[in-house]
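If you read the sequences in order, they're chains A, B, C and D.
Residue numbers are given in this note's numbering: position 43 of the first sequence equals residue 1501, and the series is strictly consecutive.
Residue numbers are given in this note's numbering: position 202 of the second sequence equals residue 1660, and the series is strictly consecutive.
Residue numbers are given in this note's numbering: position 207 of the third sequence equals residue 1665, and the series is strictly consecutive.
Residue numbers are given in this note's numbering: position 169 of the fourth sequence equals residue 1627, and the series is strictly consecutive.
Ideal Cβ positions, reconstructed from N, Cα and C, are used throughout, including at glycine.
Number of protein chains: 4
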Amino acid sequence: MKFNVKSSLSYNVNGPTTFIFNIHALNTSSQTVLEENLTIDPAINHDVFTAHDGRSKFMRLKIQEPCNFSMSYSAIVDMSYKIIDENNSENLVSVVELDSYIASFLYPSRYCQSDKLMKFSFKEFGHYATVYDKVLAITEWIYNNIEYTSGSTDSQTSAIDTITERVGVCRDFAHLGIALCRALSIPARYFTGYAYQLNPPDFHACFEAISMAIGLYLIRLN
Amino acid sequence: MKFNVKSSLSYNVNGPTTFIFNIHALNTSSQTVLEENLTIDPAINHDVFTAHDGRSKFMRLKIQEPCNFSMSYSAIVDMSYKIIDENNSENLVSVVELDSYIASFLYPSRYCQSDKLMKFSFKEFGHYATVYDKVLAITEWIYNNIEYTSGSTDSQTSAIDTITERVGVCRDFAHLGIALCRALSIPARYFTGYAYQLNPPDFHACFEAISMAIGLYLIRLN
Amino acid sequence: MKFNVKSSLSYNVNGPTTFIFNIHALNTSSQTVLEENLTIDPAINHDVFTAHDGRSKFMRLKIQEPCNFSMSYSAIVDMSYKIIDENNSENLVSVVELDSYIASFLYPSRYCQSDKLMKFSFKEFGHYATVYDKVLAITEWIYNNIEYTSGSTDSQTSAIDTITERVGVCRDFAHLGIALCRALSIPARYFTGYAYQLNPPDFHACFEAISMAIGLYLIRLN
Amino acid sequence: MKFNVKSSLSYNVNGPTTFIFNIHALNTSSQTVLEENLTIDPAINHDVFTAHDGRSKFMRLKIQEPCNFSMSYSAIVDMSYKIIDENNSENLVSVVELDSYIASFLYPSRYCQSDKLMKFSFKEFGHYATVYDKVLAITEWIYNNIEYTSGSTDSQTSAIDTITERVGVCRDFAHLGIALCRALSIPARYFTGYAYQLNPPDFHACFEAISMAIGLYLIRLN
C-alpha cells in the first residue's frame, strides 16, 4: 500500500543555533521509501546522519545568522505488513537473547520511569500469557483509563504524571505505554509517524514494543 | 468498652530544641478519657495546647541544655460506637453546609495532593451512590492495590508516590485515602491511634472521612 | 493612609456547585475596614465565615441551577504601619513561645515542601543573625534568582518546581518564600492582597513571616 | 602508569533470570588493558557485547535454575593521560560538528532531567568563557553545595532531588553534574570506575563531559 507523506515547516531564527530534525520516513523491511524530496529555502548547509540503529535519519542544520527559512519534505512510501497470528505469537525472543542494541530499550528514561511502575504493571498485566497479550492489554488499559485532552500537558510531562493525573495527548499515551512495557522487561520505544487521515494533519506519537511493532493508535483506530 | 493505653518514650537531646508531642488520647462524643497520667523524668516544664478543633491535645517541651529524658503516658478510655445503618447513611451534610472548620479538610496538602487525583478518583469511585459507599470503595481499593511493605517508604513519601509505586505502610495508605476522598470533595483527615492488639504495639496511622469516621483499619481488620 | 479597593467578578455556571470566595479586606490592628459593600446580581443566598484565625473572611455561595451572576465588592480601608527598627528587631518570639495557632504555619504544605529545602535554606540563610535578616535575605534571593514570566506555571506548580526551574509568577515566589522560611522554623503563610497601582489591577500573591509581616513585594517594589 | 584492578561478586539466585554486568575495564586511547581474567564459579554460559560506542563491554549471564555463583574479574591496565593546557582548551568541537553518537548525550534522561535545569545552569555557569571552565565550575559548585551523606539516597533519586535536597552520594553527584552540563548543551555521560585507593574499595560513580573527560572526583581529590 503506497502513501504520499509531506511536511512543511518554517522558522524565524533570531541568532546562531543548531537544528536537529527527524522528519525522514524510515526505510525498513516493511516500509520502502520509493521517492523522497527535501527542499530548504533559502538553501542551508546540512548533513544527514543515522541514529544507533542505522536507520532513523536525522538532519542537522547549522544557522549562523538570524534568518527566516522554510523546509519541505515529501516522500512516497510503500508499506507492507504482516498480520500476526495470535495463536503463534509466542515464538518471541527472550531478554537474554536480545541484541544488545535492543536491550537498551529496557532502561527507564526521562519520560518513561518504568522503575517506578513495576508493581503496578506486574499486577495489571503480568498475568497475560504472552508478550503480545501483555502489550495489547497495556494499550487497552491506556485507552480506557487515560483521557485524551488536547493542551493538557507539556514538554515536561512524563509517564508518572500521566498515570497519576489520567489525562494527556498521544505523546503522553506513548510514554506511558513504553514505561509499562519496560516495567515488564519488554523492550519498547517511541516513534513519530505521519498519521494517515489525521485531521488536522500532524506528526503522531506512537510506541512500538520490540519484535511486534504494535502501534498504540493502529489498535485504537481499529 | 474500656481500653488501657500506654506509651513510653525516651530521648537523648544534644542541644536546645523544642518538642511537640501528640500522644494524649482524644476526648470526643464517642470516646471518654476516664483517667490519664503523664510523667516526665526528670521533670521538664511543658504546656499543653489544643489544635484548631479544640480537642486534639499537643504538648510542648522546651529543652535548653543537652540532657536525657523519658516520658510515660497512660490513660483509660471508654469508647462507645454507633453502627452506621448503611441504608440510612445518606442523611449526610453537603459541602455547602459544612462547618467552615471542616471545609479546611477539603484542600490538598503536603502528603495528599488531591488536586492531581481528581480524574482517577472520579472514574473509580465517583459512581457510588453515597459518600459512605465511596469511602468504603476507596479503602477497599487501597487494600487490594497497595502492597504493605515495612520500610519501603520514608518521611517524604506522598499520595502521588504511593498511587504510582503501589507500596507503602499504614501512614502512606492513610495519606492516599485522604487524597482520594478530598478529590471527591469529601473532607478527610489523618489521625494516629493506639491500635488495639497491634504487635509489636505502635502508634497507627488511619484516616477518617468527616461525618462518618470510618477508620481504614477498622474496615480492613474486619 | 486610606485606600479604596474594588473587585468585580462574573461567572457563567453550568450546574449546581458551591463557591468559596476570599475577597473581603482584612480587619487587623494595622488595617481598619471603614466601609465595605458587596452586591451579587442577581441576589444569591450566601454566608460569610471566618477562618481559624477569626479574621480572614470567606464567603460561600450555593448555586443550585445553571445561571449567570456577577459580584462586586468595594471597601475603604485605613492602613497604618510601623517601621521596624532593624537594630531592635530581635525582640522576637521563639518557636517554643508561639501561639499554637501560629505553630501550624511551621508545617510543610501542598505548595511549600519545606521539608525538602532544609539543607538549602540553612546553608543560604541560616547564618543571618536575626529572623528579620533571614526573611529579608530570602526575599532578595528569590528576587535575584527566580525569573518572573507570566504564564510559565500553573495550579500544580510548587516550591520544589520553582527552586528547580527558576521561573514563576508572584504566587510561585510566595510559595517558595514560605517554604524557605518554614525550613528555618520561621512560621510563614500566604496571603492575597489588593496590590496598589498594579497595572492591570489584579489580586496579588504575597507571603508574610509571622511577627514581622514582611510582604515580598513591599520589599521588591521599594 | 599501571594499575591492577579486581572485583569479586557472589550471588544467591532464587529463580531463572538474566544478569547484565558492566565490570570489564575499558580499552581506550588513554587506557590499555594489558591483561584481563574472568572466572565464574561454577562455570555459566555468558556472552560479552559492546554498547553503542563499540567499547564499553557488557557481559550477559542466563541463569535457568536456582543456584549460587561467584565471579571474579581482574585486569592490569596501563593509563596514560594528557594534561589539558587550560589556555588552549577551547579548540573544542561545537554541537553542530559533533558525531551523531555523541549528540545523544545531550538529551535529558531518567536521572538527569537537564530540561528542568536550563535557567539555573545558564545563570550559574553560562558566563564562563570555555566549556572547560564551565565543567570545572559545575564540579566545584557540586562540591561546595551538595553534602555527601552515605545512605541518604536510593535508586530512584535523580538530579532534581539532589539539587533540591542538597545531599547524596557519588552517583547523585555524577547525575547532577551530567544534567547541568547537558542543560548547557555540553554532552556528558556517566561512568563507573575502579577508584584508586578508595577505602573500602568499591565501584565509583563519575561523569565525563565529552572531549575533555574530566572526572568529578579527579578534580575533587586533587
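Taking C-beta pairs closer than 8 Å, name the residues in chain D that residue i reaches, listed in chain order.
{"i": "residue 1498/C", "result": "Residues of chain D passing the Cβ test: none, with the nearest at roughly 43 Å."}
{"i": "residue 1622/C", "result": "1574, 1575, 1578, 1618, 1621, 1622"}
Kindly identify the DSSP beta-bridge partner or partners of residue i.
{"i": "residue 1663/C", "result": "1650/C"}
{"i": "residue 1626/D", "result": "1606/D"}
{"i": "residue 1745/D", "result": "One cannot answer for residue 1745/D here, as it falls past the ends of chain D, which runs 1459 to 1680."}
{"i": "residue 1469/A", "result": "1527/A"}
{"i": "residue 1537/B", "result": "1489/B"}
{"i": "residue 1462/B", "result": "1534/B"}
{"i": "residue 1615/D", "result": "Paired residues: none, contrary to the question."}
{"i": "residue 1583/B", "result": "BP columns for residue 1583/B are empty, so no partner."}
{"i": "residue 1644/C", "result": "Residue 1644/C pairs with nothing; no bridge assigned."}
{"i": "residue 1588/C", "result": "Bridge partners of residue 1588/C: none, in fact."}
{"i": "residue 1475/C", "result": "1521/C"}
Alpha carbon to alpha carbon, how far is residue j from residue i? Give it in angstroms, no decimals.
{"i": "residue 1481/D", "j": "residue 1642/D", "result": "31 Å"}
{"i": "residue 1520/D", "j": "residue 1577/D", "result": "45 Å"}
{"i": "residue 1563/B", "j": "residue 1636/C", "result": "21 Å"}
{"i": "residue 1678/B", "j": "residue 1596/A", "result": "Low local confidence applies: a pLDDT of 43 at residue 1678/B is under 50, so the model's placement there is unreliable, and no value is given."}
{"i": "residue 1492/A", "j": "residue 1468/A", "result": "25 Å"}
{"i": "residue 1536/D", "j": "residue 1575/D", "result": "38 Å"}
{"i": "residue 1487/B", "j": "residue 1507/C", "result": "25 Å"}
{"i": "residue 1549/B", "j": "residue 1607/A", "result": "Below a pLDDT of 50, predicted positions are generally treated as unreliable, and residue 1549/B, at 49, falls in that range; no measurement from the model is reported."}
{"i": "residue 1605/C", "j": "residue 1625/C", "result": "5 Å"}
{"i": "residue 1650/A", "j": "residue 1560/A", "result": "18 Å"}
{"i": "residue 1498/B", "j": "residue 1504/B", "result": "10 Å"}
{"i": "residue 1627/A", "j": "residue 1610/A", "result": "7 Å"}
{"i": "residue 1471/C", "j": "residue 1580/B", "result": "20 Å"}
{"i": "residue 1475/B", "j": "residue 1582/A", "result": "48 Å"}
{"i": "residue 1591/A", "j": "residue 1644/A", "result": "12 Å"}
{"i": "residue 1633/D", "j": "residue 1619/A", "result": "22 Å"}
{"i": "residue 1601/D", "j": "residue 1621/C", "result": "19 Å"}
{"i": "residue 1614/A", "j": "residue 1660/A", "result": "20 Å"}
{"i": "residue 1531/A", "j": "residue 1526/C", "result": "50 Å"}
{"i": "residue 1584/D", "j": "residue 1478/A", "result": "22 Å"}
{"i": "residue 1534/C", "j": "residue 1494/C", "result": "6 Å"}
{"i": "residue 1572/D", "j": "residue 1617/C", "result": "18 Å"}
{"i": "residue 1514/C", "j": "residue 1665/C", "result": "15 Å"}
{"i": "residue 1631/D", "j": "residue 1569/A", "result": "21 Å"}
{"i": "residue 1653/A", "j": "residue 1466/A", "result": "15 Å"}
{"i": "residue 1462/B", "j": "residue 1658/B", "result": "16 Å"}
{"i": "residue 1484/D", "j": "residue 1512/D", "result": "10 Å"}
{"i": "residue 1464/C", "j": "residue 1496/C", "result": "10 Å"}
{"i": "residue 1459/D", "j": "residue 1656/D", "result": "18 Å"}
{"i": "residue 1522/C", "j": "residue 1473/C", "result": "7 Å"}
Note down, in chain order, every chain D residue with its Cβ under 9 Å from the Cβ of residue i.
{"i": "residue 1613/A", "result": "1573"}
Counting only Cβ pairs nearer than 8 Å, list the residues of chain B close to residue i.
{"i": "residue 1625/A", "result": "1577"}
Ignoring anything shorter than 3 residues or poking outside the region 1482 to 1533 of chain C, list the beta strand (DSSP E) runs there in chain order.
For the region 1482 to 1533 of chain C, the full-length beta strand (DSSP E) segments reaching 3 residues or more read 1489 to 1499, 1504 to 1508, 1515 to 1521 along the chain.
What residues in the region 1567 to 1581 of chain C have a beta carbon less than 7 Å from any beta carbon of chain B?
Against chain B - using a Cβ distance shorter than 7 Å - the residues of the region 1567 to 1581 of chain C are 1567, 1568, 1571, 1573, 1574.
Residues of the region 1634 to 1654 of chain B with a CB closer than 8 Å to any CB of chain A: list them in chain order, please.
So the list is empty, because no residue satisfies the distance condition.
Using a Cβ-Cβ cut-off of less than 8 Å, give me the residues of the region 1593 to 1606 of chain B that come near chain A, in sequence order.
Going along the region 1593 to 1606 of chain B in chain order, one finds 1603, 1605 with a Cβ nearer than 8 Å to chain A.
Members of the region 1478 to 1495 of chain B near chain A, C-beta cut-off 9 Å:
The region 1478 to 1495 of chain B vs chain A, Cβ under 9 Å: nothing.
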